[in-house]
Each structure stands twice: as C-alpha cells, then as structure tokens.
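Chemist:
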Amino acid sequence: MYFSQNWRRWFCGLHNVYCMFMGSLNNLSSLNKQYGLSKGSNEAMFVIEAYRTLRDRGPYPAHQVLRDLDGSFGFVLYDCKAGTIFAALDADEGVRLFWGIAADGSVVISDNLELIKASCAKSFAPFPAGCMFHSEQGLMSFEHPTREMKAMPRIDSEGVMCGANFKVDVQSRMRSMPRVGSEANWALSGSHAWA
-15 MYFSQNWRRW
-5 FCGLHNVYCM
5 FMGSLNNLSS
15 LNKQYGLSKG
25 SNEAMFVIEA
35 YRTLRDRGPY
45 PAHQVLRDLD
55 GSFGFVLYDC
65 KAGTIFAALD
75 ADEGVRLFWG
85 IAADGSVVIS
95 DNLELIKASC
105 AKSFAPFPAG
115 CMFHSEQGLM
125 SFEHPTREMK
135 AMPRIDSEGV
145 MCGANFKVDV
155 QSRMRSMPRV
165 GSEANWALSG
175 SHAWA
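Under our numbering, think of the first position of the sequence shown as -15, with each following residue one higher.
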C-alpha cells in the first residue's frame, strides 16, 4: 500500500483560493522571481499565484505553466469564488494521487487510497500522471495538450467494471480555434476580396 507521508506538504490560502501541494519544485526560486513572489514563498503559494495570473490575465495556457514546473508534485486547488477545482500531477509519478466520484456525485481527490476507497466505493482510479483537471474544462494532458484523453475501463478482481484509467490518445487531435488576428494568413482568404 502506498502512502506519501515522506513528501513535503504545503497548504496555503490566499484571496479565497486554497491549495494543498505535495512534493517539491526544483526550480521554485526562478518561478518565484518570474511571478514576482518573495524568496520565502513555498510551492503552494506559487501555485495559487500562477493560477490567479492565468485566471485573471491568461497570458498563456495552463499546460504551458505546468510543463515549466521541474520536480515531483501533485496539487489540488480550490477557488471559493468561482467554485472550481484545479488539480495536477507531475509526469514522473513521483507523487501519487487518486480520484473518484462519491455517492453524492462530487469529485474526491486524495493521496490516501483508503480514504478514496471509503468515499468512492469502486468508482475510483489513480489520477493520471502528466495531467491536469479543471472542474469546468475537464481532464487534459499538459505533457501532450493537443491530444485527447481516452478512458480505459478498469476491471476489479471479480470482473466488475469499477471506474476508468485515462491515457493520452495518440491517434486523436484536439480541434483548435481558427486564427483570427494578425497571425491569420489573409492571403488565403480568397481573391474575391480584391475584385
């Protein structure tokens, strides 16, 4: 049985946003400098500030920020004002998280497998490595952001389906929004505009 008690845990709350962070970031000092945080800021504080920056100003996509994190980590963030959850787990599986659906339909995320089993019965699975979950946008891989996630049924020892494991579907491609600004190639719009 796996318990991650050897991982550092940080909990932080700021402006009605709360984060539980497990693990460590090797590049925390450079990230703190990039986001204008003090040298004493911990990983949970950084995650909250990065989330608030993306939520309020959105200079680049969340998957890009997560790919820049160097270390073993897992976190769950809750935004009280928006009522949303944002969770992520690093790709090297140094930290383990589990998730499932409770009897009341709520999402449960924890590193404590026994808690997940008690809360979700058989409707749980390991949280997929290299992925992020946002309660409004769903699950996506931050390692392969242009690929869709594919649910693989999880079968227990009695042959009963009990949840799903998620894998990146290498055969798929997410549809992206068409370019419309100065980046768009207006020359391909057709010659009828000049006629």
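The beta-carbon is built from N, C-alpha and C at its ideal position, and this holds for glycine as well. From a predicted model like this one, the values you see are computed outputs, not experimental measurements.
1) Please report the straight-line C-alpha distance between Ser14 and Glu77, rounded to a whole angstrom.
2) Just to check my reading of the structure: Leu61 and Val91 have Cβ atoms closer than 8 Å, yes? What is that Cβ distance to the nearest angstrom?
3) State buried or exposed for Ala46, treating a residue as buried only when at least 16 other CB atoms are found within 10 Å of its CB.
4) Return helix, strand or coil for Ala75, following the three-state DSSP convention.
5) Just checking, does the segment 50 to 58 make contact with the segment 5 to 20 on the three C-beta pairs under 8 Å criterion?
6) Look up Leu9 in the DSSP assignment and give the residues it is bridged to.
7) Based on Cα-Cα distance, which residue from Ala28, Ser103 and Arg80 lies nearest to Pro110?
8) With DSSP as the reference, identify every bridge partner of Gly122, one or two as the case may be.
9) Which residues in the same chain have their Cβ closer than 6 Å to the Cβ of Ile69, if we skip the five residues on either side of it in sequence?
10) Please report the distance separating the alpha-carbon of Glu132 from that of Cys3.
11) Would you grab the beta carbon distance between Ala113 and Ala66 for me? Rounded to a whole angstrom, and I think it's under 8 Å.
12) Give the C-beta separation of Phe108 and Phe82 to the nearest angstrom, bearing in mind that I take them to be a contact with Cβ-Cβ under 8 Å.
13) Give a yes or no on whether the C-beta atoms belonging to Leu50 and Ala72 are separated by under 8 Å.
14) Can you give the beta carbon distance from Trp(-6) to Glu27, rounded, assuming they're within the 8 Å contact cut?
15) Classify Asp95: buried if its beta carbon has 16 or more other beta carbons within 10 angstroms, exposed otherwise.
16) Grouping DSSP H, G and I as helix and E and B as strand, with all else coil, what is Cys64?
17) Just verifying my parser: in three-state terms, what is the DSSP assignment at Ala102?
18) Give the DSSP-derived three-state secondary structure of Phe111 in the structure shown.
19) Measure the alpha-carbon distance for Gly143 versus Met29 and round it to whole angstroms.
Modeler: With the given structure in hand:
1) Distance between the alpha carbons of Ser14 and Glu77 is about 23 Å.
2) Contact doesn't hold; Cβ gap of about 13 Å is too wide.
3) buried
4) coil
5) yes
6) Gly55
7) Arg80
8) Partner(s): His118.
9) Tyr62 and Ser119
10) 26 Å
11) With 8 Å as the limit, Ala113 and Ala66 do not qualify as a contact, their Cβ atoms being about 26 Å apart.
12) 6 Å
13) yes
14) 5 Å
15) Buried, since its Cβ has 16 or more Cβ neighbours within 10 Å.
16) coil
17) In the structure shown, Ala102 sits in a helix (DSSP, three-state: H, G or I).
18) DSSP places Phe111 in coil when its eight states are reduced to three.
19) 43 Å
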